[in-house]
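Undergrad: First, the structure itself, so that you have it in front of you.
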Amino acid sequence: MSLSNREIADIFERCADMLQIRGDNIHRVLSYRRASESIRAVPRDLRVISGEGGLTELSYIGKTIAAKIDEMLETGELEFYNRLKAEIPEGLVDIMHINGVGPKKAKLFWEQLDITTVDELKIAAQAEKLADLPGMGAKSQQKILNGIEALSRQTGRANIGEALPAAQAILDLLMELPGAQEGALAGSIRRGRETIGDVDILIAADDSGPIMQRFVNMENVARVLGHGPTKSSVELLSGLQVDVRVLEKARWGTALSYFTGSLAHNVKMRQIALDQGLSLNEHAFSPVDENKTIIESEPKIFCDTEEKVYQTLGLQYVPPELREDGGEIEAARAQRLPNLIRRQDIVADLHMHTTWSDGKNTIPEMIQACQKRGHKYIVITDHSRSLGIANGLSIERLLAQAEEVRRLNDEMGDAIHALAGTEMDIKADGSLDYPDEVLAQLDFVIASLHSGLSQKREQITQRLLNAIRNPFVKMIGHPSARQFPNREAVDADWDAVLAAAQEHNTILEINANPLRLDLNSELARMAKDLGVLLAINTDAHREAHLDLMDYGITNARRGWVEARHVVNTWSFERFSQWNMNRA
Ligand code: DGT
Ligand code: CA
Ligand code: CA
Ligand code: ZN
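In this text, residue positions in the sequence shown follow the numbering used here: the first is 6, and each later residue adds one.
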């Protein structure tokens, strides 16, 4: 059996891991790692490319790697990989990827304690056998235990930032076909969940044949899992699974509502329908008798729009982001759904980086890019001095930058207002990275956690409270510091943090980067219920990141957030007034 792009990429990645565990030359390790990454980014089947003789034209694929790809395409195996497996137990690869381990420690545990599986490692850590090894200690042992626990929670769901562009591209492709009358994303991706199990796409058409044909024959398909007239499923080369369903336009509304879910929302909808003597499924409403049996003699009610589905049940239309059975049905019944924030309400971005720290674009480039996107005001917020890896700014550089931002701001007139700020580190000991007299010279100060993230709840909470109470700190950036897929949110007393933010008028950020989405939607909802000020920012490290705002909006909508809760919907005048009066 021949292998898919993804399987080939996986094998190269494992080769790189094993070479690294063995302690091979780093260039050799990197050549396999880069080849693996390069293959993952290729949208076409390697079989086809190989047939055209084009493998070596791909980046990081030389003659040696190309020959290995051909070997796998022909035989389904790689001799080189088989030899490595004979030498290095495969389980070490899983061990090395545990948070807090890495290749050197994986090798150490293997050589010293004969550990070759994650389970064995867990047992050894629980028996406190790791702490005494060279370079280890009680702390690093605990970190590994946490890492193993995080591993078991991982589910193979894709981050929305990865899934959404891929899903949208497929929808666009299918909608170009002449028979496609209507199309939409459904399921969790339409509800805007932060991770996606599989992508659901609906198309309205009279003849599903050509649409399904086009779908299963896309260049980026690794495997066809099903190919029928109403439903087809594929696995993409990226590993993402996609379902496409085709149906008649006359029942578009019921179908879209059904396949958008969530399951819990659907169950409530069906109950309300039953209370009205109707059964509801993806096709139609059907009148039922007292025994809930469909009365075939009575006409069914077909809905070609979702609005009609909700109308039939006497409900206000529920935006997809709210359909999680989190009180939205009750609110829709009372005609009291929130007026959710929209992208066009946002007029500013309060968090972005430039070449002064770890950003890729200069200050003028970022200002221009923000103006192009319609922002009325922005804050330049590079990293602070203790964040060495991010080229954080010394006090001298910070003040020089503030001067530069103000000069550029004057040049722009009223076209856009650029403010001088910082994303200041809340250090592991709880202190802030710049003294107050320096902060007093800036227009806007963000404080964020970047280190000491595994500290205990009391310590983390104290650090956040200390920052929230500082008169110069206007906002807490990405408050829980989580990152997809592996970094968990910090453990904090969120009730205390939210109460303090409310009391001190400190903004909490909803970081829009899809790998953060922080505050998450649950915390955002709690925050706005308490009257905490929110801001939705991109934390852009390059111009293109400024477009990630939509993910933040979706996440905020899932938290029932309205424009009035979000400060960067305010006019520059209102924002400036608030900003001056608060400190
Ligand atoms: P995912 O894919 O795990 O991220 O989550 P969903 O919500 O996209 O779930 P999925 O793909 O299994 O199904 C898509 C939607 O179809 C789901 O949200 C609700 C609807 N659905 C699926 N199975 C059933 C079912 O047995 N009953 C009802 N009422 N709805 C269902
Ligand atoms: Ca799905
Ligand atoms: Ca599905
Ligand atoms: Zn940050």
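Cβ coordinates follow ideal geometry from the N, Cα and C atoms, glycine included.
1) Would you decide whether residue 69 is buried or exposed? Buried here means 16 or more other CB atoms lie within 10 Å of its CB.
2) What's the C-alpha gap between residue 9 and residue 559?
3) Comparing alpha-carbon positions, which option in 499, 479, 26 lies nearest residue 112?
4) Could you tell me whether the segment 524-542 touches the segment 561-576, using the rule of 3 or more Cβ pairs below 8 Å?
5) Does the beta-carbon of residue 448, which I'm using as the reference point, lie nearer than 8 Å to any heavy atom of ligand 4?
6) Under 8 Å by Cβ, that's how I've got residue 433 and residue 474 pegged, so tell me the actual separation to the nearest angstrom.
7) From residue 422 to residue 354, what distance separates their C-alpha atoms?
8) Answer with buried or exposed for residue 497, where buried requires no fewer than 16 other C-beta atoms within 10 angstroms of its C-beta.
9) For ligand 2, any of its heavy atoms closer than 8 Å to the Cβ of residue 193?
10) How big is the Cα-Cα spacing for residue 44 and residue 299?
11) Here's the rule: buried if 16 or more other CB atoms are within 10 angstroms of the residue's CB, otherwise exposed. What is residue 385?
12) Pick from 90, 106, 379, 302: whose alpha carbon is nearest that of residue 147?
13) Between residue 31 and ligand 2, is there a pair consisting of the residue's CB and a ligand heavy atom that are separated by less than 8 Å?
14) How big is the Cα-Cα spacing for residue 468 and residue 166?
15) Helix, strand or coil for residue 316 per DSSP?
16) Quick check: what's the CA-CA separation for residue 66 versus residue 95?
17) Below 8 Å, can you find three or more Cβ-Cβ pairs linking the segment 275-283 to the segment 244-251?
18) Out of 587, 337, 417, which one is the CA nearest neighbour of residue 374?
19) Does the distance from the CB of residue 435 to the CB of residue 491 come in under 9 Å?
20) Excluding the 5 residues flanking residue 261 on each side, which residues of the same chain have their C-beta closer than 7 Å to its C-beta?
21) Is any non-hydrogen atom of ligand 2 found closer than 8 Å to the C-beta of residue 330, if you look at the structure I gave you?
22) Report whether the distance from the Cβ of residue 211 to the nearest heavy atom of ligand 3 is below 8 Å.
23) Would you say the beta carbon of residue 544 comes nearer than 8 Å to a heavy atom of ligand 4?
24) Helix, strand or coil for residue 440? Go by DSSP, reduced to three states.
25) Identify, in the order they occur along the chain, each residue of the same chain with its Cβ nearer than 8 Å to the Cβ of residue 297, setting aside the five sequence neighbours on each side.
26) Kindly examine ligand 3 and report whether one of its heavy atoms sits closer than 8 Å to the Cβ of residue 202.
27) For the alpha helix (DSSP H) that contains residue 54, what are its first and last residues?
28) Between residue 550 and ligand 4, is the CB less than 8 Å from at least one heavy atom?
29) Short of 6 Å in beta carbon distance, which residues of its chain neighbour residue 14, apart from the five on each side in sequence? Order them along the chain.
30) Just how far apart, CA to CA, sit residue 345 and residue 552?
31) Residue 17 to residue 80, Cα distance in whole Å?
32) Any chance the segment 436-446 sits against the segment 312-319, with 3 or more Cβ pairs inside 8 Å?
33) What are the boundary residues of the alpha helix (DSSP H) that includes residue 369?
34) Using the Cα positions of residue 75 and residue 38, report the straight-line distance between them to the nearest angstrom.
35) Please state the DSSP three-state secondary structure of residue 479.
36) Determine, using beta carbons only, whether residue 60 comes closer than 9 Å to chain C.
TA: Put simply:
1) exposed
2) 34 Å
3) 26
4) yes
5) no
6) So it is not a contact: roughly 18 Å between Cβ atoms.
7) 11 Å
8) buried
9) yes
10) 53 Å
11) buried
12) 106
13) no
14) 30 Å
15) helix
16) 25 Å
17) no
18) 417
19) no
20) 189, 191, 207, 311
21) no
22) no
23) yes
24) coil
25) 279, 284
26) yes
27) 51-56
28) no
29) 41, 44, 45
30) 20 Å
31) 16 Å
32) no
33) 368-377
34) 18 Å
35) strand
36) Here chain C cannot be found, since the structure has a single protein chain.
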